[in-house]
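Asks: Got a structure for you, questions after.
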Amino acid sequence: MLRNVEGSDVQVQGTNDDAQVSKLSCSRMGYFRDEFIQFFVRRASRRSPLINRGYYSRHAALRQLLEQFITAARAAGKQPQVLVLGAGFDTTWFQLAKDAGGRPPYRCLEVDFKEVTQRKAAIIAKEPALHGLLQQAAVAAAAAEPAGAGEEAAAPETAAAQPEAASCSAGAGKAAAAADGSGSSSSGSGAGAVHIDAAAGSVHSPCYSLAPVDLRDLGALEAAAAAAGFDTQAPTYILSECVLVYMDPAQSSPVVGWAGRTFPNALMAIYEQIRPDDAFGRQMVCNLAERGCPLKGLPATPTLQAHCDRLTAGGWAAADARSMDSLYRTFLPHEERQRAERLEIFDELEEWHMIQEHYCIALARNDRDGLVPPSAVGFDAPAPAHRLSLPALPPQMGPGATAGAGAGAGAGLSLGLGLSLGQGRGVGAGAGAGLGAGLMRPSGTGGVMGGGRVLPNAD
Ligand code: SAH
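First residue of the sequence shown: 815, per the working numbering; consecutive thereafter.
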């Protein structure tokens, strides 16, 4: 097994922690619902309204794509599967499984460096809310298994006839028993069992797997996908959220190519930075390099066009890439944006647009069997009628209640997080915040005010 823990790998792993602090901040402010993120954050920190809105837009756009994908795959009677590259402490599977009453809408494999998956597996083993869902899902998957289907995915007619049923079915074997909370557990037998091995950094269960994989080792990635029960022909969604940009292009392009060649019915969504060459972009690049996690991939994909080119060169049939500034306006449903915009007072419009222009989502598509067409999944497709995970507005955040509270909180927070507005407004020079992706350092860990520098948390 290839182990190549370079100095910057450790810093890059740290960006995961920063991202989760920001996601917790957002969920606590009511931007989106995430009941599980709290288990993965050691020290919570409230982020500024600018950062919260950036994370909201990132979350909302990626979630909308995922929901489109799940809806399209299920409408076609297929079992959707999702591969999360550099997943860190992503909680999406747990939230959607919970929202669906313990019957997860897709089979999931998450991979990351072993150091990260060890921590994640240990937390899953320790928290009953997390390993309880794995067990619930395993039971549901075993129950959803069509009689005599053995190792195969749910038969199309079964899924189509019961659209509300679990989309993830177990292979052979029985559903599992309990994790003991000690950090590792193994229960049940056969493909329906839940195995959590914190030391190995792995979780295996019928609908959710976590595996230690260095993405520079494609053999390990392929083996993990096979071990997770992935069917290369099934509709597959591959997510890379602030991951490939930390890799050398010579190492990230093969990942894109592997995915493009392996899955003929698939989408790959890549969220990351663009535009390193203007003043803001240069500052962003510089800040992250100083933090020990340089954006090694950015010179090769500095534009939306370069993102599309990488994807099609990697064997994907089609690609589309749009800035977060554009997606926020054109992709996210108007009412949802309005709801989010009422949560906190926000007047940093210039910074907002600048930051959002420096992030994008690139979307690749292979649609051999017509399962994931652009009319159903993509930036020009409508949001699914049934949206998941939108929180009810907290009472104090309702329309008409925001002005006073929001204004005070916003001002104080900006300072605490080291965001230098004066510099930021001056277009570029001091602006370099890594936003939608992990912005400022948490207060107390080095956010710099005095020099007017903004030190982003890269993630
Ligand atoms: N996708 C998550 C975490 C982003 S932080 C989120 O958006 O919340 C970036 C993650 O990529 C880290 O967890 C880091 O460990 C992982 N990563 C970066 N390079 C990697 C590699 N070569 N192999 C596996 N994981 C990698």
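Where a beta carbon is used, it is the ideal one built from N, C-alpha and C, also for glycine.
1) Express the C-alpha separation of Ser-822 and Gly-828 in angstroms, rounding to a whole number.
2) Return helix, strand or coil for Leu-1058, following the three-state DSSP convention.
3) Checking 8 Å against the spacing of the C-beta atoms, do Ala-1135 and Gln-878 come in under that value?
4) Should Met-1061 be counted as a contact of the ligand SAH given a C-beta to heavy atom distance under 7 Å?
5) Excluding the 5 residues preceding and the 5 following Ala-1178 in the sequence, name in chain order all residues of the same chain whose CB lies nearer than 6 Å to its CB.
6) What did DSSP end up calling Ser-862 once you bin it into helix, strand or coil?
7) Here's the rule: buried if 16 or more other CB atoms are within 10 angstroms of the residue's CB, otherwise exposed. What is Thr-1144?
8) Quick one: give me the first and last residue of the alpha helix (DSSP H) that Cys-1100 is part of.
9) Rounding to the nearest angstrom, what Cα-Cα distance links Ala-889 and Asn-1101 in this structure?
10) Is the closest heavy atom of the ligand SAH to the C-beta of Arg-1285 under 7 Å?
11) With three or more C-beta pairs closer than 8 Å as the rule, is the stretch 848 to 860 touching the stretch 1027 to 1043?
12) Would Ile-1088 and Leu-1058 qualify as a contact pair, given that the criterion is a beta-carbon distance under 8 Å?
13) If you pair each beta-carbon of the stretch 901 to 911 with each one of the stretch 1068 to 1080, do three or more pairs fall below 8 Å?
14) Have a look at Ala-914, Val-930 and Tyr-920 and flag the residue whose alpha-carbon is nearest the alpha-carbon of Gln-834.
15) Check each candidate in Lys-912, Arg-933, Glu-941 and Ala-936 and name the one with the smallest Cα separation from Ala-954.
16) Is the Cβ-Cβ distance between Val-1017 and Ala-956 less than 8 Å?
17) Could you tell me whether the Cβ atoms of Glu-959 and Ser-981 are closer together than 8 Å?
18) So, for Leu-1185: in the same chain, excluding its five sequence neighbours on each side, which residues have a beta-carbon less than 7 Å away from its beta-carbon?
19) Contact between the stretch 897 to 904 and the stretch 1051 to 1068: three or more CB pairs below 8 Å?
20) Hey, would you say the C-beta of Arg-847 is under 7 Å away from at least one heavy atom of the ligand SAH?
21) Tell whether a beta-carbon distance below 8 Å holds between Phe-850 and Ala-914.
22) Return yes when at least one heavy atom of the ligand SAH lies under 7 Å from the C-beta of Leu-1029, else no.
23) Tell whether a beta-carbon distance below 8 Å holds between Ile-938 and Ile-1010.
24) Closest to Asn-830 by C-alpha separation, out of Gln-882, Thr-1046, Asp-926 and Ala-1013, would be which residue?
25) Where Arg-1105 and Asp-1183 are concerned, what is the direct C-alpha to C-alpha distance, given to the nearest angstrom?
26) Give a yes or no on whether the C-beta atoms belonging to Leu-876 and Leu-1146 are separated by under 8 Å.
27) Using a Cβ-Cβ cutoff of less than 7 Å, which residues in the same chain neighbour Gln-950 once the five nearest sequence positions on both sides are dropped?
28) Evaluate Trp-1137 with the Cβ neighbour count: other Cβ atoms within 10 Å of its Cβ, from every protein chain shown; 16 or more gives buried, anything less gives exposed.
29) What does the alpha-carbon distance come out to for the pair Pro-1113 and Ala-1007?
30) Would Ala-1176 pass as a contact of Cys-1122 if the rule is Cβ separation under 8 Å?
31) By the three-class DSSP mapping on this structure, what secondary structure does Arg-1239 have?
32) Which residue marks the beginning of the alpha helix (DSSP H) containing Gln-1119, and which one marks its end?
33) Could you check whether the Cβ of Asp-1123 sits closer than 7 Å to any heavy atom belonging to the ligand SAH?
34) Look up Gln-1047 in the DSSP assignment and say whether it is helix, strand or coil.
Replies: Judging by the given coordinates:
1) Residue mapping note: residue 828 aligns to position 14 of the sequence shown, counting from 1. Residue mapping note: residue 822 aligns to position 8 of the sequence shown, counting from 1. Between Gly-828 and Ser-822, the C-alpha separation is close to 10 Å.
2) Along the sequence shown, one-based indexing puts residue 1058 at 244. Shown here, Leu-1058 sits in a helix according to DSSP, grouped into three states.
3) Start at 1 with the first residue of the sequence shown, and residue 1135 comes out as number 321. Start at 1 with the first residue of the sequence shown, and residue 878 comes out as number 64. Cβ atoms of Ala-1135 and Gln-878: not closer than 8 Å.
4) Taking the sequence shown and counting its residues from 1, the one referred to as residue 1061 is at position 247. Checking every heavy atom of the ligand SAH against the Cβ of Met-1061, one is found closer than 7 Å.
5) Counting from 1 along the sequence shown, the entry for residue 1178 is found at position 364. For Ala-1178, where only same-chain residues beyond five positions count, the Cβ hits under 6 Å are Met-1082, Leu-1125, Trp-1130 and Ala-1133.
6) Counted from its first residue, the sequence shown places residue 862 at position 48. The answer is coil: DSSP assigns Ser-862 none of H, G, I, E or B.
7) Mapped onto the sequence shown, residue 1144 falls at position 330. By the 10 Å Cβ count, Thr-1144 comes out exposed.
8) As a first step, residue 1100 must be located in the sequence shown, where it is residue number 286. Where Cys-1100 is concerned, the enclosing alpha helix (DSSP H) stretches over 1093 to 1104.
9) On the sequence shown, position 75 is the one that residue 889 refers to. On the sequence shown, position 287 is the one that residue 1101 refers to. C-alpha separation (whole angstroms): 45 Å.
10) Since the first residue of the chain shown is 815 and the last is 1273, residue 1285 is not available in this structure.
11) Cβ pair count under 8 Å is below three, so no.
12) If you number the sequence shown from 1, residue 1088 lands on position 274. If you number the sequence shown from 1, residue 1058 lands on position 244. Not closer than 8 Å, so no.
13) Too few Cβ pairs lie closer than 8 Å, so no.
14) Here residue 834 refers to the residue found at position 20 when the sequence shown is read from its first residue. For the set Ala-914, Val-930 and Tyr-920, the Cα lying nearest the Cα of Gln-834 is the one of Val-930.
15) As a position in the sequence shown, residue 954 is number 140, starting the count at 1. Comparing Cα-Cα distances from Ala-954 to each of Lys-912, Arg-933, Glu-941 and Ala-936, the minimum goes to Lys-912.
16) For the purposes of this step, residue 1017 is identified with residue 203 of the sequence shown, where counting begins at 1. For the purposes of this step, residue 956 is identified with residue 142 of the sequence shown, where counting begins at 1. Cβ atoms of Val-1017 and Ala-956: not closer than 8 Å.
17) Locating residue 959 in the sequence shown gives position 145, counting from the first residue. Locating residue 981 in the sequence shown gives position 167, counting from the first residue. Their beta carbons are not under 8 Å apart, which means Glu-959 does not touch Ser-981 by this criterion.
18) Sequence index remark: in the sequence shown, residue 1185 carries index 371 (1-based). The beta carbon of Leu-1185 sits closer than 7 Å to the beta carbons of Ala-886, Ala-887, Ala-890, Lys-892, Pro-1049 and Asn-1079 from its chain, once the five residues preceding and following it are set aside; these are given in chain order.
19) Remark: three or more beta-carbon pairs, one from each stretch, lie closer than 8 Å, so the stretch 897 to 904 and the stretch 1051 to 1068 are flagged as touching.
20) For the purposes of this step, residue 847 is identified with residue 33 of the sequence shown, where counting begins at 1. The beta carbon of Arg-847 sits no closer than 7 Å to any heavy atom of the ligand SAH.
21) In the sequence shown, residue 850 corresponds to position 36, counting from 1. In the sequence shown, residue 914 corresponds to position 100, counting from 1. In this structure, the beta-carbon distance from Phe-850 to Ala-914 does not fall below 8 Å.
22) Within the sequence shown, residue 1029 is the residue found at index 215, counting from 1. Within the cutoff, so yes.
23) Along the sequence shown, read from residue 1 onward, the residue named residue 938 stands at position 124. Along the sequence shown, read from residue 1 onward, the residue named residue 1010 stands at position 196. The answer is yes: Cβ separation under 8 Å.
24) Residue 830 sits at position 16 when you count from the first residue of the sequence shown. The option with the nearest alpha carbon to Asn-830 is Asp-926.
25) Start at 1 with the first residue of the sequence shown, and residue 1105 comes out as number 291. Start at 1 with the first residue of the sequence shown, and residue 1183 comes out as number 369. Between the alpha carbons of Arg-1105 and Asp-1183 lies a gap of roughly 45 Å.
26) Taking the sequence shown and counting its residues from 1, one reaches residue 876 at position 62. Taking the sequence shown and counting its residues from 1, one reaches residue 1146 at position 332. Not closer than 8 Å, so no.
27) Residue numbering aside, residue 950 sits at position 136 when the sequence shown is read from its first letter. Here the set comprises Gly-916.
28) Taking the first residue of the sequence shown as 1, we reach residue 1137 at position 323. A small correction: the amino acid at residue 1137 is Ser; Trp does not occupy that position in the sequence shown. Buried: at least 16 other Cβ atoms inside 10 Å.
29) Walking along the sequence shown from the start, residue 1113 turns up at place 299. Walking along the sequence shown from the start, residue 1007 turns up at place 193. Looking at the two C-alpha atoms, the distance is approximately 44 Å.
30) Residue mapping note: residue 1176 aligns to position 362 of the sequence shown, counting from 1. Residue mapping note: residue 1122 aligns to position 308 of the sequence shown, counting from 1. Inclusion of Ala-1176 and Cys-1122 in the CB contact set at 8 Å is warranted, their separation being smaller than that value.
31) Here residue 1239 is taken as the residue at index 425 of the sequence shown, counted from 1. Any reading at Arg-1239 needs caution, since the residue's pLDDT is 30, under 50, leaving its predicted position unreliable; the model's value is listed next. In this structure, Arg-1239 counts as helix in the three-state DSSP scheme.
32) Counted from its first residue, the sequence shown places residue 1119 at position 305. Boundaries of the alpha helix (DSSP H) around Gln-1119: 1118 to 1127.
33) Counting from one through the sequence shown, the residue named residue 1123 turns up at place 309. Judged by the Cβ position, Asp-1123 fails to qualify as a neighbour of the ligand SAH at the 7 Å threshold, every heavy atom of the ligand being at least this far.
34) Along the sequence shown, one-based indexing puts residue 1047 at 233. In the structure shown, Gln-1047 sits in coil (DSSP, three-state: anything other than H, G, I, E or B).
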